[in-house]
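A.B. asks: Numbering (this note's numbering), first residue to last: 954 to 1259.
The following block contains the structure:
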């Protein structure tokens, strides 16, 4: 759990917008499914039109990662990305606020045998997830089949942090702050599966530069480090919303062989390649709204300048 010093009371007016957001998420979680997806569509379109800075980031990311697309095709993909992430807000609310059992009929789960084989070794498992718009709902759906802990980034707002970690605590065995490597290793060595998503930019010190869609990206070394420290099988997990918005597919691929290799760049390149393959299945569902290429090799200018 995150180590926030919570105020004695969250009644202060500065928290009122947060309370409204939490209330809206709780309400949204109980909407009929078609209404939920339609509302997410509208939210996504509104963000696409008015969140100009995020739109510029998304446009830059897609231009870097899909240079082969015509400008019109990329523009359509930008729009579809915002719509998918708008739906993701309602999916996150559903994953956090409702029992995932009511969605069992919406799940197609593939590759269960790979995870069962990995856990049978008694070494725990390191699950490699991806920051899709369906991330938190994917975690809730995964809990219907396999228990897991999750590594997460603490939220800056202490009220929302408490809401978020309590919600994830109902889905996962334990929510572990991303800075608490010791707890991650301890849980895996105790035989637990830990869900970890290494596809964001956390700066130069924690990373090596490895290609991501052909662009040098600061890529965490921690994936290989955890695997080396625990000896646990590394399990790629792919999940996405299916066409029609009525069901979801979660799929385990076989455990990585000969990982880690001892070469941080080679290992980071391999992980990025797996993530690329997952994204290419449904590129609009990825979180292109974040600055994946924020940290640059020394001497290179920012890729997000206007």
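All residues carry an ideal CB built from backbone N, CA and C; glycine is no exception. Being a predicted model, the structure only gives us computed values, none of them experimental.
#1: Starting from residue 1205, follow its DSSP beta bridges and name the residues at the other end.
#2: DSSP three-state label for residue 1070, please.
#3: Which of helix, strand or coil does DSSP assign to residue 1028?
#4: Cutting at 6 Å between CB atoms, please list the residues of its own chain near residue 1176, excluding the five before and the five after it.
#5: Grab the span of the beta strand (DSSP E) containing residue 1163 for me, first residue to last.
#6: Do residue 1237 and residue 1022 have their C-beta atoms closer together than 7 Å?
#7: Within the same chain, show all residues whose beta-carbon is closer than 6 Å to that of residue 956, passing over the 5 residues directly before and after it, in chain order.
#8: With a cut-off of 8 Å, do at least 3 Cβ pairs link the segment 1089-1109 to the segment 1137-1152?
#9: Looking only at C-alpha atoms, which of 1190, 1109, 1250 sits nearest to residue 1068?
#10: Starting from residue 1148, trace the beta strand (DSSP E) both ways and give me its first and last residue.
#11: Given residue 1173, which residues of its chain have a CB within under 7 Å of its CB, disregarding the five upstream and five downstream residues?
#12: Check whether the segment 1058-1073 touches the segment 998-1012, counting contact only when three or more Cβ pairs, one atom from each stretch, lie closer than 8 Å.
#13: If you compare alpha carbons, which of 1015, 1199, 1232, 1248 is closest to residue 988?
#14: To the nearest angstrom, report how far apart residue 1112 and residue 994 are at their CA atoms.
#15: Mind checking whether residue 1185 and residue 1092 have CB atoms under 7 Å apart?
#16: By the three-class DSSP mapping on this structure, what secondary structure does residue 1169 have?
#17: Beta-carbon separation of residue 1205 and residue 1060 under 7 Å?
#18: If the criterion is Cβ atoms closer than 7 Å, does the pair residue 1128 and residue 1049 meet it?
#19: So which of 980, 1167, 1180 has the shortest CA-CA distance to residue 1139?
#20: Could you give the DSSP three-state label for residue 1098: helix, strand or coil?
#21: Work out the CA separation of residue 1008 and residue 1228 for me, nearest whole Å.
#22: Which residue's Cα is closest to the Cα of residue 1040: 1253, 1197, 1246?
#23: According to DSSP, is residue 998 part of a helix, a strand, or is it coil?
#24: What are the start and end residues of the alpha helix (DSSP H) that includes residue 1178?
#25: Could you check if residue 1086 is buried or exposed, using at least 16 other CB atoms within 10 Å of its CB as the buried criterion?
#26: Suppose only complete runs of 4+ residues qualify. What are the alpha helix (DSSP H) ranges in the segment 1103-1131, listed by chain order?
#27: Work out the CA separation of residue 1082 and residue 1153 for me, nearest whole Å.
C.D. replies: In this structure, then:
#1: 1190
#2: helix
#3: helix
#4: 1151, 1224
#5: 1160-1165
#6: no
#7: Residue placement at residue 956 is poorly supported in this model, since its pLDDT is 45, which falls under 50; the coordinates are not used for a value here.
#8: yes
#9: 1190
#10: 1146-1149
#11: 1151, 1155, 1159, 1160
#12: no
#13: 1199
#14: 27 Å
#15: no
#16: strand
#17: no
#18: no
#19: 1180
#20: coil
#21: 22 Å
#22: 1197
#23: helix
#24: 1175-1183
#25: buried
#26: 1111-1124
#27: 11 Å
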